[in-house]
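For the sequence shown, position 272 (counting from the first letter as 1) is numbered 256 according to the working numbering, and the numbering increases by one without interruption. Single-structure report; data block below.
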Amino acid sequence: MKLNLKIAVPLLVVALVVAVGALAVPWYSSRQFESEIQALAGQPGQGPWALRNVVHHAGLFSSQGSAQVRMRATCGKDASQAPSDLALHYRISHLPTYNSLSHFSWTLESNGVSSGEPSGESVILSASGEVGFDGALQTDMALPAWGGGADAPGLNIAASKARLRLDGKAMALHWSADDIALQGKGAPLNLHGARIHLAMADRDRGMGSVELEVDSAGSGATSLQGLRLRSEMREAADRLNYQQSLSVRSLLWMGHTLSDVVLESAVTGLHAKSAQTLVTLFSANCGYADLSEAQATVARQALKTLVSTGFSVGIASLKARDADASVDAHLLVELRPSPSGEVALAQQLQSSGEIVVKGGMLTAEQAQMALQGGYVQEVPGGLKMGYRYAAGALTVGDKSLDASLVPVLLSRLDQSMNELLSPDGKAQRVLATEAASSP
């Protein structure tokens, strides 16, 4: 009997600990969801969306609720229009599994009435998902076929699906639709196999990448196969680098079939803090037209820093070929950092570029005329023309050209820009004059 008690007591303690732990997990999950929903509902409704009329029924093992999602435009002429209301309904299971803390399902309806159960007749989105033990949220969404109506006449999107993952500041979104049709004044545009992939390391600052893929598309006599468009923003050493690439496997345009079309462009070396300041001011004021005097001063200083610290803009690669011809080009415009901290385009600006054309892109007569000018060089199978500009010296091909007027014009532009961007310069005097002359 004593042996049995010695065994039973520890077992009872273990069972009690397990039971408490089993109840603690759903209790914690329920409290977390309730606090998150209350936090969202408590945010001021001045942005493009807001939660209203939240009704949340919390439970130990499951919760459910509803809310009204109000969507409204915040800028431009649409800001005066009446907001759109959607009805949100959700259910949450707080019972954990081996790989998730909780599971949930939710729907959005276009009727805007959040009370009661979802009607199912006006569902524009239905979804299910889970919350991991690390706090990351993932949801799979199903969207019915959509016609643009008055907001986007002529736009029709087949039933689509999406997956969204939120993990702190990081966000990933994958969306796909089999068919998209856009009917305008001319021939309709039809896209097949469209996909969007979004991967943001910091969604608040826009750090990450967005990618669009289309298997095929066509409008009238123009068609393409294998479209891929990718944009990416990264930060390194307090500098922002933006890259964009466009590629098309095959393009039929104006009776010509081009293949392996590639366009890669980039803006690199932007002063990160100044660029972020300008973006924040633009977003907060729906542009720069209605900035306060203090905000205008901040914007001018940010723009001046952006230009004086330098950056580069360019087309890293432009390529295309058809059956017997090809073109390959690149272009770079740079603003070198200004040692003085002032805008000094006359010293900062330099640029270079090159284009190579091969095959039947040009007729023999056109090629001969190009060579006669002396700015084009002959290369195996084609022609090449390049240029370089720096410190008032311009070279095109093998020829040096007189560009002495460029630094003079840039110096005048430097003077005007420094006056405009100075906190106590011309821009301030113009504001003061306008204020004094206003009724």
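By construction, the Cβ of each residue, glycine as well, lies at the ideal position given by its N, Cα and C atoms. Remember, predicted model here, so these are calculated numbers, not experimental data.
Legend entry - Range covered by the beta strand (DSSP E) that runs through residue 93: The residue labelled residue 93 in the question sits at position 109 within the sequence shown. Element bounds for residue 93: 86 to 93.
Legend entry - Same chain only: Cβ atoms within 6 Å of residue 87, ignoring 5 sequence neighbours per side: On the sequence shown, residue 87 is found 103 positions in, with the first residue counted as 1. Excluding residues within five positions, the ones whose Cβ falls inside 6 Å are 77, 114.
Inset, instruction - Output the distance between the C-alpha atoms of residue 237 and residue 172, rounded to the nearest integer angstrom. - result: Numbered from its first residue, the sequence shown carries residue 237 at position 253. Numbered from its first residue, the sequence shown carries residue 172 at position 188. If you take the alpha carbons of residue 237 and residue 172, they lie about 16 Å apart.
Inset, instruction - Give the secondary structure of residue 266 by DSSP, where H, G and I count as helix, E and B as strand, and everything else as coil. - result: Here residue 266 corresponds to residue number 282 of the sequence shown, with the count starting at 1. Helix.
Legend entry - Beta-carbon contacts of residue 297 that lie in its chain and below 6 Å, excluding the five residues immediately before and after: Stepping through the sequence shown from its first residue, residue 297 is reached at position 313. Closer than 6 Å at Cβ, skipping near neighbours: 251, 317.
Legend entry - Cutoff 8 Å; reference residue 353; Cβ partners in own chain excluding five residues on either side: Indexing the sequence shown from 1 puts residue 353 at position 369. In its own chain, leaving out the 5 sequence neighbours on each side, no residue places its CB closer than 8 Å to the CB of residue 353.
Legend entry - Candidates 323, 335, 367, 337: closest to residue 348 by CA position: Reading the sequence shown from its first residue, position 364 is the one you call residue 348. For the residues 323, 335, 367, 337, the minimum Cα distance to residue 348 belongs to 367.
Inset, instruction - Identify every residue that forms a DSSP beta bridge with residue 219. - result: As a position in the sequence shown, residue 219 is number 235, starting the count at 1. According to DSSP, residue 219 bridges with 224.
Inset, instruction - Quickly, what does DSSP pair residue 74 with across the bridge? List them, please. - result: Position 90 of the sequence shown, counted from the first residue, corresponds to residue 74. Its beta-bridge partners are 49, 90.
Inset, instruction - Just the C-alpha distance for residue 153 and residue 219, rounded to the nearest angstrom, thanks. - result: Walking along the sequence shown from the start, residue 153 turns up at place 169. Walking along the sequence shown from the start, residue 219 turns up at place 235. Going from the Cα of residue 153 to the Cα of residue 219 covers about 15 Å.
Inset, instruction - Counting only the same chain and skipping the five closest in sequence on each side, list residues whose C-beta sits under 7 Å from that of residue 326. - result: Counted from its first residue, the sequence shown places residue 326 at position 342. The residues are 292, 402.
Inset, instruction - Look at residue 304 and residue 243 and say whether their C-beta atoms are less than 9 Å apart. - result: Position 320 of the sequence shown, counted from the first residue, corresponds to residue 304. Position 259 of the sequence shown, counted from the first residue, corresponds to residue 243. Closer than 9 Å, so yes.
Inset, instruction - Mind reading off the beta-carbon distance from residue 85 to residue 72? Whole number of angstroms is fine, and I expect it under 8 Å. - result: Counted from its first residue, the sequence shown places residue 85 at position 101. Counted from its first residue, the sequence shown places residue 72 at position 88. So it is not a contact: roughly 21 Å between Cβ atoms.
Inset, instruction - Check whether the Cβ atoms of residue 254 and residue 290 sit closer than 9 Å, and answer yes or no. - result: Within the sequence shown, numbered from 1, the residue matching residue 254 stands at position 270. Within the sequence shown, numbered from 1, the residue matching residue 290 stands at position 306. By the CB criterion at 9 Å, residue 254 and residue 290 fall inside the cutoff.
Legend entry - residue 156 versus residue 149: straight-line alpha-carbon distance, rounded: Position 172 of the sequence shown, counting from 1, holds the residue named residue 156. Position 165 of the sequence shown, counting from 1, holds the residue named residue 149. Residue 156 and residue 149: Cα-Cα distance of roughly 5 Å.
Inset, instruction - Please work out which residues of its chain come closer than 6 Å, Cβ to Cβ, to residue 385, disregarding the five sequence neighbours upstream and downstream, and give them in chain order. - result: As a first step, residue 385 must be located in the sequence shown, where it is residue number 401. Around residue 385: 378.
Legend entry - N-terminal and C-terminal residue of the alpha helix (DSSP H) that residue 278 is part of: Reading the sequence shown from its first residue, position 294 is the one you call residue 278. Here the alpha helix (DSSP H) through residue 278 covers 277 to 292.
Inset, instruction - Name the residue from 170, 164, 186, 208 whose alpha carbon lies nearest to the alpha carbon of residue 180. - result: Taking the sequence shown and counting its residues from 1, the one referred to as residue 180 is at position 196. Among 170, 164, 186, 208, the Cα nearest to that of residue 180 belongs to 164.
Legend entry - Nearest-angstrom Cβ-Cβ length linking residue 358 and residue 383, presumed shorter than 8 Å: The residue you call residue 358 lines up with position 374 of the sequence shown. The residue you call residue 383 lines up with position 399 of the sequence shown. With 8 Å as the limit, residue 358 and residue 383 qualify as a contact, their Cβ atoms being about 6 Å apart.
Inset, instruction - Starting from the C-beta of residue 271, find all residues in its chain whose C-beta is less than 7 Å away, skip the five residues before and the five after it, and write them out in chain order. - result: For this step, residue 271 is matched to residue 287 along the sequence shown. Nothing listed; no residue qualifies.
Inset, instruction - Between the Cα of residue 191 and those of 145, 176, 393, 226, spot the shortest distance and give me the residue it belongs to. - result: Within the sequence shown, residue 191 is the residue found at index 207, counting from 1. It is 226.
Inset, instruction - Compare the beta carbon distance of residue 278 and residue 262 with 9 Å and say whether it is the shorter of the two. - result: If you number the sequence shown from 1, residue 278 lands on position 294. If you number the sequence shown from 1, residue 262 lands on position 278. Not a contact, by the Cβ cut-off of 9 Å.
Inset, instruction - With DSSP collapsed to three states, give me the class of residue 347. - result: Translated into the one-based positions of the sequence shown, residue 347 becomes position 363. Note: residue 347 maps to coil in three-state DSSP.
Legend entry - DSSP three-state assignment for residue 308, whether helix, strand or coil: For the purposes of this step, residue 308 is identified with residue 324 of the sequence shown, where counting begins at 1. It is coil, neither helix nor strand.
Inset, instruction - Buried or exposed for residue 6, please, with buried defined as at least 16 other CB atoms from any protein chain shown within 10 angstroms of its CB. - result: Within the sequence shown, the letter at position 22 stands for residue 6. Unreliable placement is indicated for residue 6, whose pLDDT of 46 sits below 50; the coordinate value is still reported in the next sentence. Exposed, because fewer than 16 other Cβ atoms sit within 10 Å of the Cβ of residue 6.
Legend entry - Rounded separation between residue 109 and residue 54 - CA only: The residue you call residue 109 lines up with position 125 of the sequence shown. The residue you call residue 54 lines up with position 70 of the sequence shown. Cα-Cα distance, rounded: 16 Å.
Inset, instruction - Could you tell me which of 355, 123, 143, 23 sits nearest to residue 129, measuring between CA atoms? - result: Numbered from its first residue, the sequence shown carries residue 129 at position 145. Checking every option, the nearest Cα to that of residue 129 belongs to 143.
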